[in-house]
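Letter by letter, the sequence shown follows residues 38 to 372 of this note's numbering. C-beta: ideal position from N, C-alpha, C; glycine also. This one's a predicted model, so the numbers in the text were calculated from it and none came from an experiment. Here's the structure we're looking at; comments come further down.
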Amino acid sequence: MTENDISFIIPVYNRPQEIKELLESFTKLSSKKDFEIVIIEDGSIDDCQEVIHDFNPQLTLSYYKKENTGPGDSRNYGMKKAKGNYFIILDSDCLLPEDYMQHVMDNLNNNYVDCFGGVDASHESFSDYQKAVSFSMTSFLTTGGIRGGKYKKKLFQPRSFNMGISKDAFLKSNGFGNIHPGEDPDLSIRLNLLGFKTALYSDVLVFHKRRVTISSFFKQVYKFGLVRPILNHWHPKSFRLVYYFPTFALIFLIFSIIELIRGNQIPFYIIFTYMMLVFISSAFVNRSFKIGLLSIITSAIQILGYGYGYLKSSTILIFNKKNIEKVFSEVFFSK
């Protein structure tokens, strides 16, 4: 396989500055840049057409505009238009390190799979808050390693901020569904059921900027928790006990507050100890006392938001397993 076989698929919604920064990182890659970049404007009002024009001489770019139907459908649209035989899907808020393509091609040529997932990290240029969010989304202490890093398992579920899929796998699976978030693990599970292999390429890394506020971060992880029981319902064999951990943490927090009022401080000390581990780990990894403190906040948001969403969704599904798209309309785009 060569770079000529690769098409990058990047949906964007009202974020021209992000596309500019991402395309700038493409120009700095150490590879030949023989790949295609397909950008899909998903119903944006603030589009990136002028930005695309500025990079046309340096990169092979295809640009399409369409109505707003969500990132999953936009990726499907882009893959149908793309010329390559292997698609790499990125989020618009990512940056690529210079050796990105080298690692991609080495993996595809030596350890080929029809669907791979890469990892994400924070860049030195990111804000302290963005670095804290990145820690909370990638640390074993907060996610149990399910999002990548050095964690490996037989049926890995790639995430679409840094994900590869062959044209054959796309055509036979029909690509992403209309759920969002959750469209990427849903596709991964369906690919496995069709006999396609998925894998983690732990050295294929992007810098994931995640431009989120505290409130939008809570909403994001809440939706992550909301969709997981739906995926478990659709694909019962995909369930793992680790998905319950944030909900257990939420219940334990409520219990510890009750116990603290009653004069029992032991549960509170357990939570305090955990948060100190988060602080120490993040401060060490990021070499920053401030980021360590911020990571306590972002990790609490990540765990409690996900836990609340998971608990709410699980409870609703006990009583209503029909009309899922209607009941959970906030996580489905219209077909």
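> In whole angstroms, what separates the C-alpha of G107 from that of I307?
Replying inline: Take the alpha-carbon of G107 and the one of I307: they are about 41 angstroms apart.
>> Which runs of the alpha helix (DSSP H) at least 4 residues long sit entirely within the segment 233 to 259? Give them in chain order.
In response: none
>> Nearest by alpha-carbon distance to F255: which of R299, T64, G344 is it?
In response: G344
> DSSP on G186, reduced to helix/strand/coil?
Replying inline: Note that G186 has pLDDT 46, beneath the 50 cutoff, so the model's placement of it is unreliable and no number is given.
> Y343 lies in the alpha helix (DSSP H); which residues open and close that run?
Replying inline: 326 to 356
> F45 and I216 look like a contact to me (Cβ under 8 angstroms); what is the Cβ gap, rounded to whole Å?
Replying inline: Contact doesn't hold; Cβ gap of about 23 angstroms is too wide.
>> Can you check which of these residues, I291, D151, I43, is closest to L98 by C-alpha distance?
In response: I43
> So the alpha helix (DSSP H) M116 belongs to, where does it begin and stop?
Replying inline: Here the alpha helix (DSSP H) through M116 covers 108 to 118.
> Which ranges does the alpha helix (DSSP H) cover as unbroken runs of at least 4 residues, wholly within the segment 198 to 236, from first to last along the chain?
Replying inline: For the segment 198 to 236, whole alpha helix (DSSP H) runs of length 4 or above, ordered along the chain, are 204 to 210, 220 to 230.
>> With three or more C-beta pairs closer than 8 angstroms as the rule, is the segment 290 to 303 touching the segment 316 to 324?
In response: no
> How would you label F207, buried or exposed, when you count the other beta carbons within 10 angstroms and need 16 or more for buried?
Replying inline: buried
> Alpha carbon to alpha carbon, what distance is there between Y259 and L59?
Replying inline: 27 angstroms
> What did DSSP end up calling P266 once you bin it into helix, strand or coil?
Replying inline: helix
> Name the DSSP bridge partner or partners of C131?
Replying inline: H245
>> Just to check my reading of the structure: F198 and L127 have Cβ atoms closer than 8 angstroms, yes? What is that Cβ distance to the nearest angstrom?
In response: 7 angstroms
> For the segment 230 to 248 against the segment 263 to 271, are there 3 or more C-beta pairs whose distance is under 8 angstroms?
Replying inline: no
> Among residues of its own chain, excluding the 5 on either side of F261, which ones have a beta-carbon nearer than 6 angstroms to its beta-carbon?
Replying inline: P218, Y343
> Candidates K204, S129, L348: which alpha carbon is nearest A119's?
Replying inline: The residue with the shortest Cα to Cα distance from A119 is K204.
> Hey, how far is the Cα of F244 from the Cα of P195?
Replying inline: 16 angstroms
>> So for D165, helix, strand or coil by DSSP?
In response: Judged by DSSP in its simplified three-state form, D165 adopts helix.
>> Since G212 and R277 should fall inside the 8 angstroms C-beta cutoff, what is the C-beta to C-beta distance between them, to a whole number of angstroms?
In response: About 24 angstroms separates the two Cβ atoms, so there is no contact after all.
> Could you check where the beta strand (DSSP E) with L192 kicks off and where it finishes?
Replying inline: It is not in any beta strand (DSSP E) - L192 carries neither H nor E in the DSSP assignment.
>> Under DSSP, the beta strand (DSSP E) around I47 begins and ends at which residues?
In response: 43 to 49
>> Using 8 angstroms as the cut-off, can you tell me whether the segment 166 to 181 makes contact with the segment 324 to 338, which would need three or more C-beta pairs spanning the two stretches below that distance?
In response: yes
> Nearest to F63 by CA position, among I82, E104, L133, is which residue?
Replying inline: Nearest of I82, E104, L133 to F63, Cα basis: L133.
>> Let's see if you can read the secondary structure: which residues bound the beta strand (DSSP E) around F153?
In response: Start and end: 152 to 158.
>> Suppose you measure from the CA of G186 to the CA of A286; what does that come to, to the nearest Å?
In response: Any reading at G186 must be qualified, since the residue scores a pLDDT of 46, below 50, and its modelled position is unreliable; no value is offered.
>> Assuming the contact rule is C-beta atoms closer than 8 angstroms, K103 and I82 should be a hit. Round their C-beta distance to whole Å, please.
In response: So it is not a contact: roughly 14 angstroms between Cβ atoms.
> So K363 is in the alpha helix (DSSP H); what residue range does that whole segment cover?
Replying inline: Unbroken alpha helix (DSSP H) run through K363: 361 to 364.
> Using a Cβ-Cβ cut-off of 7 angstroms (strictly less than) and excluding sequence neighbours within five positions of L31, which residues of its own chain qualify?
Replying inline: This structure cannot settle anything about residue 31, because the visible part of the chain is limited to 38 through 372.
>> Counting C-beta neighbours from all protein chains within 10 Å, is the total for F124 16 or more, i.e. buried, or is it exposed?
In response: Label assigned to F124: buried.
> CA-CA distance, M200 and R247?
Replying inline: 17 angstroms
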